[in-house]
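Everything on this sheet refers to the single structure shown next.
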Amino acid sequence: MSQEDKAIQIVKRLREAGHEAYLAGGCVRDRLLGRPPKDYDIATDATPRDTQGIFPDTVDVGSQFGSIVVLVDGDPFEVTTFRLDGPYSDGRHPVHVRHGTLEDDVRRRDFTINAMMYDPVDDRVIDLVKGREDLRRQLVRAIGDPHERFAEDRLRMVRAVRLACGLGFAIDGPTLRAVRSQAAAVTQVAWERIGAEITRTLTEGGARRGVELLDETGLLEVILPEVAAMKGCEQTPDYHPEGDVYVHTLLLLQHLDGPTETLAYGCLLHDVAKPPCRQPAGERVTFHGHPELGAEMAVEILRRLKRSRAVAERVAWLVRYHLRYAQAPNMRLSTLKRFLGEEGIDELLELCRIDALSSNGDLGYYDFCQRKLAELGEEEVRPEPLLRGRDLIRLGYAPGPSFSAMLGAVEEAQLEGELRTREQAVAWVRERYPDEDERKHEP
Ligand code: ATP
Ligand code: MG
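If you're matching positions, the sequence shown starts at 671 in our numbering and goes up one per residue.
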C-alpha cells in the first residue's frame, strides 16, 4: 500500500467513526503540483483522545497541541485536531491550543498554498483562501494580514523564502514587504528552527534564488551577516572574471543539484573569510589565510544554526582544503595518496569542480585528481597497513609514544611504493630502529 493509500485509509476510518477528516497542508499542495509529498498530514475534528480510541497503534507526540501520530504498518502519520491558533515557533504557544473548526484550522496556517484540504472520499479540494489560484500564479502569499501573521511567528518569514525557492515561486508583494519590515526580528525564533529552514533552502533546489531572496528581504544580514559581507568584496579579475565574492558564491549555489547538507554549506562558506582576509597588493588583491580562517568561521556559523557537530566538522574541512587540490600535481606520491584517501574526498573534489566552473572554468587540477584516483584505485590510495602496533610488540618493541611515529614512517614508505610486503616492512623497521632501548622485550 502506498503512503497516500495509508493516509486515505486513516481519513476513511475517522469518517466511519462519525468525524470530519481531510488530508491537509503540504501534501495537498504537492499533489496538486504533481510532486510527491514528503509526508501526509491529516486534519480532523476528532480529539486526540478520540483518535487514540479509534486506532490501535498511536504515539502521543503532542496531544496538548492536538497531535497524535497514527502508525500504519509502521509508517507514521500525524493526525491533528482542527486548531484555533498556534503553536508558534517562537515559544509563545499557549499551554493548550483551543480546538476549532475546519475554517479556524485553515486560517491559522501560514500560506494560502499550504492551507488546502483534500477530501478523498468525495475527491474534492477544500480551498477557503484561494490557494489553488496562488498555485497557478506561483505565489507564496500569507493568509490574512502578513504583518500580523509574521508578528505571531517570525519563522514564517524564513519559511516563505524556503517555499518560494524550493517551488520556484515568487513571494507576493505585500507578503514580501512584510518580511522586509520585520526581518530584524527573526532572531526571536529558536536558531534551531531557523537553521533547519536555511538547510532546506540550500538543499531542496533553487539554492541561489534562496540566498538572493534572503538578501532581498534583509534576512541574510541578520541570519548570515558573514555571507552578506561578501557583497562588494572585489577580486582580481583575471582569476575571477565573474565578479565579487558574493557573485562567485551565488554561481556555486547555482551548480548544486540535490546536494548533501555539507556540500551545500561548503559551497556557501568556502570563501566566507575572503572579506576579512582581503589585502590590496598593487594591481592585485590577495586573500592569504582565507581557507583557515574560513574553516573557523564555518564552525561558528554552523554552531549558530545548530547544525550537528559532524556537519560543522566536515564543512570546516571542506573550507580549509578547498584550494589544496591545486597542489596535487606537485605532491609527493605519499602526500597525494593521503589527500586522495581522505574520507570526504569525493565531496571536496565536487566542491573544487563547482568552484572552478564558477570562476575561470579551468578544470585541469580537478581532472588531474580524478585521473589519479582512477589510476591508483582504492587499494593503492587506502592500502591495508603493512604493520600494526601488535606487530611491533611481536618484534620486541615496547609499546609507547614512539609507535605512532614508527607506524607513520612505515605507512609513508608504503605509500611511496618503497615497501610492498610485510617482510620488507619488518626488515625495514629492524634496520631503521635498531636501538636496543626500544627493544626491551626481545624474545
Ligand atoms: P514540507 O513537508 O514539504 O516541507 P509542509 O508545507 O508540509 O511542507 P510542514 O513544516 O510539514 O510543511 O508543515 C505542515 C503544515 O503545517 C504546512 O503546510 C502549514 O499548513 C502548517 N504550518 C507549518 N509551519 C507553520 C507555521 N510556522 N505557521 C503556520 N502554519 C504552519
Ligand atoms: Mg509536511
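C-beta atoms are modelled at their ideal positions from N, C-alpha and C, and glycine is treated no differently.
Rounded to the nearest angstrom, the gap between the Cα atoms of W1098 and P895 is 55 angstroms. DSSP places R794 inside the beta strand (DSSP E), whose first and last residues are R794 to I796. Shortest gap from the CB of G736 to any heavy atom of ligand 2: 6 angstroms or more. Using a Cβ-Cβ distance cut-off of 8 angstroms, the region 792-804 and the region 775-782 are in contact, since at least three pairs of beta carbons, one from each stretch, lie closer than that value.
The C-beta distance from I813 to A855 rounds to 20 angstroms, too long to meet the 8 angstroms contact threshold. For S737, no alpha helix (DSSP H) encloses it; the enclosing beta strand (DSSP E) starts and ends at S737 to V742. A residue is called buried when at least 16 other Cβ atoms come within 10 angstroms of its Cβ; T871 meets this threshold and is buried. By the beta-carbon neighbour count (other beta carbons within 10 angstroms, threshold 16), M1076 is buried. In the three-state reduction of the DSSP assignment, F1073 falls in the helix class. By the C-beta criterion, the region 913-927 is judged not to be in contact with the region 970-980, since fewer than 3 inter-stretch pairs fall below 8 angstroms. By the C-beta density criterion, A965 is buried, having at least 16 other C-beta atoms within 10 angstroms. The beta carbon of R1052 sits closer than 7 angstroms to those of G1011, all from its chain and outside the five residues before and after it, given in chain order.
Collapsing the DSSP output to three states places T714 in a strand.
F1009 and D1025 have their C-alpha atoms spaced approximately 18 angstroms apart. The Cβ atoms of R826 and F820 lie closer than 7 angstroms to each other.
Measuring C-alpha to C-alpha distances from V791 to each of A691, H992 and K1042 identifies A691 as the nearest. Taking P946 as the centre and dropping the five residues before and after it, the same chain places no C-beta closer than 6 angstroms to its C-beta. Contact between V749 and T771 fails: their C-beta atoms lie close to 17 angstroms from each other, not under 8 angstroms.
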